[in-house]
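Numbering (the numbering used here), first residue to last: -4 to 599.
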């Protein structure tokens, strides 16, 4: 262990900052996971069995290794049940006049390169020049995103309707009409006025059902829009509707046989990732430049990585969910997903404005020169698949040329920590989500296993959370502005093994889930912010029967690089992300099915 570094007065800067203590623990390669892989009828019957026979659920709980947490040497360590750490701002600073003033926000300058997506800036310029209006954009998009019977005269599902669970056509048109009128009269609200966005079906929208991707309506008791979306609406965005998600967010594929599964725009033989897969699909397909996601274990960052877009999981509690109930309160965060890091920054600053009862300071761009430091835990980083590791290392080499210093560091019990996160989120899900008979089999299994959590295992998980938070505090105090960097996922996407069979009946592959989440879980468990940025593409894994080549940008699969920073240091992350984004440069690809919205309505 090490003493608290004297660099900062923690009492002045943060509420609930963990004591900075280094916990040096030798790295141990984890044994292979041995969870069963189920699909089709075996999965259906397994779901019924596990949900109804507690002994089977307990067997799966122990087989997964959750009962090993109690054996960790964590006696007398403090439990940390809530990872919220709030920065304290210097008194007297004025609030920013605007987060969307085009004359002030130089960070929005988009990279002009082949393969770029239309950004918020492109929409703004198209509206400003009169080449198109928000009404034009909406009328172009509605036939693409509405299911049959929703839009008058439309007799079949829109080509991209699988990404949207609910669309209120009259409301969308009303907001677009008002935005168009503002633009005509020269009184537009700023960069976001008229921008089409999507909102994951995990927060409240007035007039919409709250279903969490399930067949059930859990109600919007106050019939009120969540604070973060209201902040977007105040700037004039057009909410097109609720986007698809993995049922209850309990897995990372976005496979949803209740409402349909959006396929990866870059290669339809792959999942989008989840659970914010509908939002990722809508952005990656070119439909919208910005969307809301929710992240409890990589649910923003994994689909962002798999679909080749950018996604930010803010510090825990930074973005308000009020009045939506937080069903996994100690790990889940609301955040933006976008075409680029620059767009992400605008969406974040607007949605992160603190609510009336919030203790968070207002978001503001970094007013100082940040230090360019990257921290790497090498044995953990190197567990990525060779093709993923190669692309990420190439990006790191380029960042070094841009002046970044690469620092080695360690993390204690990192593989046990993944089980601590899984146990925590499954316990919260198991105690909060209803157990309806019509839930998908995979959800039933996870809820039943989560309900088996033993008190001593849960307490061990929270002790390990406290140890990790203290260790990270030591890292950030020793190396201010450091960004901990890993691949977003160790694997390049998740291939749909059995095609239509898996999409119709579902699949449960806990080993692949754990593998996909190997890096993303840490930010949720400890509450630090994390950002995924696309850095390249790899060849798909070809099925024995079906070649994937030629299925969209020649079928190549995006790879993301992830950075994690100190609590409240979103602006440090966004600066790092902008540097990473420049590395991809001309290597960006639009999927073959990419929708040219602005070109389609005459904006370009």
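A virtual CB, placed ideally from N, CA and C, is assigned to each residue, including glycine.
A quick note: this is a predicted structure, and the numbers were derived from the prediction, not measured.
*With residue 408 and residue 459 assumed to form a contact (beta carbons below 8 Å), what rounded beta-carbon distance in angstroms separates them?*
Along the chain shown, read from residue 1 onward, the residue named residue 408 stands at position 413. Along the chain shown, read from residue 1 onward, the residue named residue 459 stands at position 464. Contact between residue 408 and residue 459 holds: their C-beta atoms lie close to 6 Å from each other, under 8 Å.
*Counting only the same chain and skipping the five closest in sequence on each side, list residues whose C-beta sits under 7 Å from that of residue 508.*
Indexing the chain shown from 1 puts residue 508 at position 513. 246, 247.
*Taking only heavy atoms of the ligand NAP into account, decide whether any of them is closer than 7 Å to the Cβ of residue 183.*
Among the components of this structure there are no ligands whatsoever, and the ligand NAP is therefore not found.
*What are the complete beta strand (DSSP E) segments, minimum 3 residues, inside the stretch 147 to 220?*
Counting only runs of 3 or more, we get 159 to 161, 191 to 195.
*Expressed to the nearest angstrom, what Euclidean distance is found between the alpha-carbon atoms of residue 402 and residue 480?*
Residue numbering aside, residue 402 sits at position 407 when the chain shown is read from its first letter. Residue numbering aside, residue 480 sits at position 485 when the chain shown is read from its first letter. Each residue's Cα considered, the two are about 10 Å apart.
*Three-state class that DSSP yields for residue 583 in the structure shown*: For this step, residue 583 is matched to residue 588 along the chain shown. Here residue 583 sits in coil by DSSP.
_Under 8 Å, with one C-beta from each stretch per pair, do the stretch 288 to 304 and the stretch 257 to 274 reach the 3-pair mark?_
Counting Cβ pairs under 8 Å, three or more are found: they touch.
*residue 242 and residue 185 closer than 8 Å at C-beta*: One-based indexing of the chain shown puts residue 242 at position 247. One-based indexing of the chain shown puts residue 185 at position 190. In this structure, residue 242 lies away from residue 185, with their beta-carbon atoms at least 8 Å apart.
*Would you call the stretch 523 to 532 and the stretch 40 to 49 touching, i.e. three or more CB-CB distances under 8 Å?*
Judged by pairs of C-beta atoms under 8 Å, the stretch 523 to 532 does not touch the stretch 40 to 49, as fewer than three such pairs exist.
*Sequence-distant residues of the same chain with beta carbon closer than 8 Å to residue 540, five excluded per side*: Walking along the chain shown from the start, residue 540 turns up at place 545. Here residue 540 scores only 48 on pLDDT, less than 50, and its place in the model is too uncertain to base an answer on.
_Minimum C-alpha distance to residue 412 - residue among 424, 237, 513, 239_ = Looking up residue 412 in the chain shown gives position 417. Cα-wise, what sits closest to residue 412 is 513.
*Indicate the three-state DSSP secondary structure (helix, strand or coil) for residue 97 in the structure shown.*
The count along the chain shown starts at 1 and reaches residue 97 at position 102. DSSP places residue 97 in coil when its eight states are reduced to three.
*asked:* Using C-beta distances below 6 Å, list every residue in its chain close to residue 319, excluding the 5 sequence neighbours before and after it, in chain order.
replied: Translated into positions along the chain shown, residue 319 becomes position 324. For residue 319, where only same-chain residues beyond five positions count, the Cβ hits under 6 Å are 198, 199, 221.
_For residue 210 and residue 264, the rounded distance between their alpha carbons_ = What you label residue 264 is simply residue 269 of the chain shown in a count that begins at 1. What you label residue 210 is simply residue 215 of the chain shown in a count that begins at 1. Rounded to the nearest whole angstrom, the CA to CA distance from residue 264 to residue 210 is 25 Å.
*Just the Cα atoms here: how many angstroms apart are residue 433 and residue 42?*
Translated into positions along the chain shown, residue 433 becomes position 438. Translated into positions along the chain shown, residue 42 becomes position 47. Counting only the Cα atoms, residue 42 lies some 11 Å from residue 433.
*Leaving out five residues on either side along the sequence, give the residues of the same chain with a beta carbon under 7 Å from the beta carbon of residue 77.*
Mapped onto the chain shown, residue 77 falls at position 82. In its chain, beyond the 5 residues on either side, 325 have a beta carbon closer than 7 Å to the beta carbon of residue 77.
*asked:* Restricting to Cα atoms, I'd like to know which of 488, 137, 417, 130 is closest to residue 169.
replied: Against the chain shown, residue 169 aligns to sequence position 174. Nearest option by C-alpha distance: 130.
*Three-state class that DSSP yields for residue 329 in the structure shown*: For the purposes of this step, residue 329 is taken as residue 334 along the chain shown, with counting starting at 1. Residue 329 carries a strand assignment under DSSP once its states are collapsed to helix, strand and coil.
*Taking only the alpha-carbon atoms, compute the straight-line gap between residue 367 and residue 491 and give it to the nearest angstrom.*
Counting from 1 along the chain shown, the entry for residue 367 is found at position 372. Counting from 1 along the chain shown, the entry for residue 491 is found at position 496. One C-alpha to the other measures close to 39 Å.
*What separation, rounded to the nearest whole angstrom, lies between the Cα atoms of residue 64 and residue 445?*
The residue labelled residue 64 in the question sits at position 69 within the chain shown. The residue labelled residue 445 in the question sits at position 450 within the chain shown. Taking the straight line joining both Cα atoms gives about 15 Å.
*Counting pairs of Cβ atoms below 8 Å between the stretch 90 to 99 and the stretch 171 to 191, do you hit three or more?*
Output reads yes: the stretch 171 to 191 touches the stretch 90 to 99.
*With a floor of 3 residues, list each beta strand (DSSP E) that falls wholly inside the stretch 20 to 107, ordered by position along the chain.*
Unbroken beta strand (DSSP E) runs of no fewer than 3 residues, entirely contained in the stretch 20 to 107, are found at 32 to 34, following chain order.
*Helix, strand or coil: which one does DSSP assign to residue 559?*
Translated into the one-based positions of the chain shown, residue 559 becomes position 564. Residue 559 falls in the strand class under three-state DSSP.
*asked:* Measuring alpha carbon to alpha carbon, tell me which residue in 587, 195, 70, 428 is nearest residue 322.
replied: Numbered from 1 along the chain shown, position 327 holds the residue referred to as residue 322. It is 428 whose Cα lies nearest to the Cα of residue 322.
*Return the Cβ separation of residue 435 and residue 252 in integer angstroms, given the expectation that the two are a contact with Cβ distance under 8 Å.*
Residue mapping note: residue 435 aligns to position 440 of the chain shown, counting from 1. Residue mapping note: residue 252 aligns to position 257 of the chain shown, counting from 1. Residue 435 to residue 252, Cβ: 6 Å. Contact.
*Quick one, which of 586, 594, 39 has its alpha-carbon nearest residue 260's?*
As a working note, residue 260 is residue 265 in the chain shown. Just measuring C-alpha positions, the residue of 586, 594, 39 sitting nearest residue 260 is 586.
*Classify residue 548 as helix, strand or coil using the three-state DSSP reduction.*
Here residue 548 refers to the residue found at position 553 when the chain shown is read from its first residue. At residue 548, the pLDDT of 40 sits below 50, so the modelled position is not reliable; the number obtained from the coordinates is stated separately. Note: residue 548 maps to helix in three-state DSSP.
*Based on Cα-Cα distance, which residue from 13, 295, 35, 306 lies nearest to residue 493?*
Position 498 of the chain shown, counting from 1, holds the residue named residue 493. Cα-wise, what sits closest to residue 493 is 35.
_Per-residue DSSP class, three states only, for residue 491_ = Locating residue 491 in the chain shown gives position 496, where the first residue counts as 1. The DSSP-derived three-state label of residue 491 is coil.
*Any idea if residue 591 is buried or exposed, counting beta-carbon neighbours within 10 angstroms, 16 or more meaning buried?*
What you label residue 591 is simply residue 596 of the chain shown in a count that begins at 1. Residue 591 is exposed by the Cβ-count criterion.
*Are there 16 or more other CB atoms within 10 angstroms of the CB of residue 153, so buried, or fewer, so exposed?*
Taking the chain shown and counting its residues from 1, one reaches residue 153 at position 158. So residue 153 counts as buried.
_Outcome for residue 157 when other beta-carbon atoms lying within 10 angstroms are tallied against a minimum of 16_ = As a first step, residue 157 is located in the chain shown; it is residue number 162 there, counting from the start. With 16 or more Cβ atoms within 10 Å of its Cβ, residue 157 is classed as buried.
*In three-state DSSP terms, what is residue 443?*
Within the chain shown, numbered from 1, the residue matching residue 443 stands at position 448. It is helical.
*Do residue 55 and residue 455 have their C-beta atoms closer together than 8 Å?*
On the chain shown, position 60 is the one that residue 55 refers to. On the chain shown, position 460 is the one that residue 455 refers to. Taking the C-beta atoms as reference points, residue 455 is found no nearer than 8 Å to residue 55.
*Flag this pair as yes or no: are the beta carbons of residue 296 and residue 525 separated by less than 8 Å?*
Looking up residue 296 in the chain shown gives position 301. Looking up residue 525 in the chain shown gives position 530. The answer is yes: Cβ separation under 8 Å.
*Quick one: Cα of residue 496 to Cα of residue 32, how far?*
Indexing the chain shown from 1 puts residue 496 at position 501. Indexing the chain shown from 1 puts residue 32 at position 37. Roughly 14 Å between the two C-alpha positions.
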